[in-house]
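Working notes for the structure below.
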Amino acid sequence: MAGFGDRGITPPGLRLIPHPAVTMILVFDGNIAVEDATGRRQQGSFVLGPGFGEALRGLSVDAFECLQVRLSPVAAQAVFGGVVSELDRAMVPLDTLCGKEAARLSDRLADFSGWGQRFSWIDGWLARRCAEATETSPEVAWAWRRIVAGRGAVRIEHLADELGWSRKRLWSRFQSQFGLPPKRAAKLVRFDHAVHSLVAGHHAARVAADGGYADQSHLHRDVVAFTGLTPATVVDEPFLAVDDIAWGWRKNHTRAPDLRHTGRHDDEHRDSRGR
1 MAGFGDRGIT PPGLRLIPHP AVTMILVFDG NIAVEDATGR RQQGSFVLGP GFGEALRGLS
61 VDAFECLQVR LSPVAAQAVF GGVVSELDRA MVPLDTLCGK EAARLSDRLA DFSGWGQRFS
121 WIDGWLARRC AEATETSPEV AWAWRRIVAG RGAVRIEHLA DELGWSRKRL WSRFQSQFGL
181 PPKRAAKLVR FDHAVHSLVA GHHAARVAAD GGYADQSHLH RDVVAFTGLT PATVVDEPFL
241 AVDDIAWGWR KNHTRAPDLR HTGRHDDEHR DSRGR
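And the structure:
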């Protein structure tokens, strides 16, 4: 989790870089408006599927504060249920997934005076949702963890062989639970590590070699496909710089984002569902 606030300094057209997670944005003060590639506009609290990366078109005139939660597909499937299978690259209002509880979440967050209380309360809410959920297929959850551990540089047929499944069966089960095929999940995970290595100042050739890309041109094609930018220009994206401040397991870099970060909550030692 990370907490964000802005006082009117965020530039228009700020891009959201695709990420291999289901991202929940809980707005509890002011307003955020997001527009997807089709021109559909969403305001308030919402959920972004893995790989979503469009432009942040508008914020409230005065200010906003929000709490952002990144959930692995395993955790998201527990929190939101089967609807996760429909979230790939999608943007969905939170009330579509949670009903009237969405407004209650925002109201409760606004009642707290500090980020520590907000993080703890949402952590408890997530824990309750996970405790009440049907377990994700252990084989599919295992495949996701292997993809993450290998930073996306894994061969899907090898995962299927280790499970004793056919490639087609793994593909079908993974897609039905997480909404994206395992190969795309691996590409997203690999891209995420690669693009943050570029932001850290590593040369593209080294990033390509360390990330399991065939060559530098392969890395270039992936970055362009996910962001519309080149490896040389993507490093200046504010939301990549803010990652290293907001998410504590990344190293800090010198670029200062145009978002005022106000808090964070990380826990790498989560339960077996990866919450």
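Residues 1 to 275 (full-length UniProt numbering) make up the sequence shown, in order. Cβ atoms here follow ideal geometry from the backbone N, Cα and C, with glycine treated the same way. Fair warning: this is a prediction, and the values are worked out from it, not measured in the lab.
Listed in chain order, the non-local C-beta contacts of Ser197 below 6 angstroms within the same chain comprise Val207, local neighbours out to five positions each way being set aside.
By the neighbour-count definition (other C-beta atoms within 10 Å, threshold 16), Asp236 is an exposed residue. Going by beta carbons, Phe119 and Met24 fall outside the 7 angstroms limit. In the same chain as Trp125, and ignoring 5 residues on each side of it, the C-beta atoms closer than 8 angstroms to its own belong to Leu105, in chain order. If you draw a straight line from the Cα of Val74 to the Cα of Val92, it is about 18 angstroms long.
Counting only residues of its own chain and dropping the five nearest sequence neighbours on each side, Asp192 has a CB closer than 7 angstroms to the CB of His19 and Pro20. For Pro231, the enclosing alpha helix (DSSP H) starts and ends at Pro231 to Val234. For Asp107, the number of other beta carbons within 10 angstroms of its own is below 16, and it is reported as exposed.
DSSP places Val207 inside the alpha helix (DSSP H), whose first and last residues are Ala204 to Asp210. Contiguous alpha helix (DSSP H) elements confined to the region 137–175 occur at 138–149 and 156–163, taking only those with 4 or more residues. Going by C-alpha positions, Gln117 is about 45 angstroms away from Trp165.
Contact between the region 171–182 and the region 79–90 is present: three or more C-beta pairs spanning the two stretches fall below 8 angstroms.
Boundaries for Val83: no alpha helix (DSSP H) harbours it, and the DSSP string shows neither H nor E there. Look at Phe46 here: in three-state DSSP terms it is strand. Of the candidates Gly44, Leu48, Glu101 and Ser72, Ser72 places its Cα closest to the Cα of Ala143.
Taking Trp121 as the centre and dropping the five residues before and after it, the same chain places the C-beta of Arg108, Leu109 and Phe112 closer than 8 angstroms to its C-beta, in chain order. When DSSP assignments are scanned along the region 68–134, the uninterrupted stretches of alpha helix (DSSP H) that are 4 or more residues long and fall wholly within it turn out to be 73–80, 94–98, 101–111 and 115–131. By the neighbour-count criterion, in which a residue is buried when 16 or more other Cβ atoms sit within 10 angstroms of its Cβ, Gly99 is exposed.
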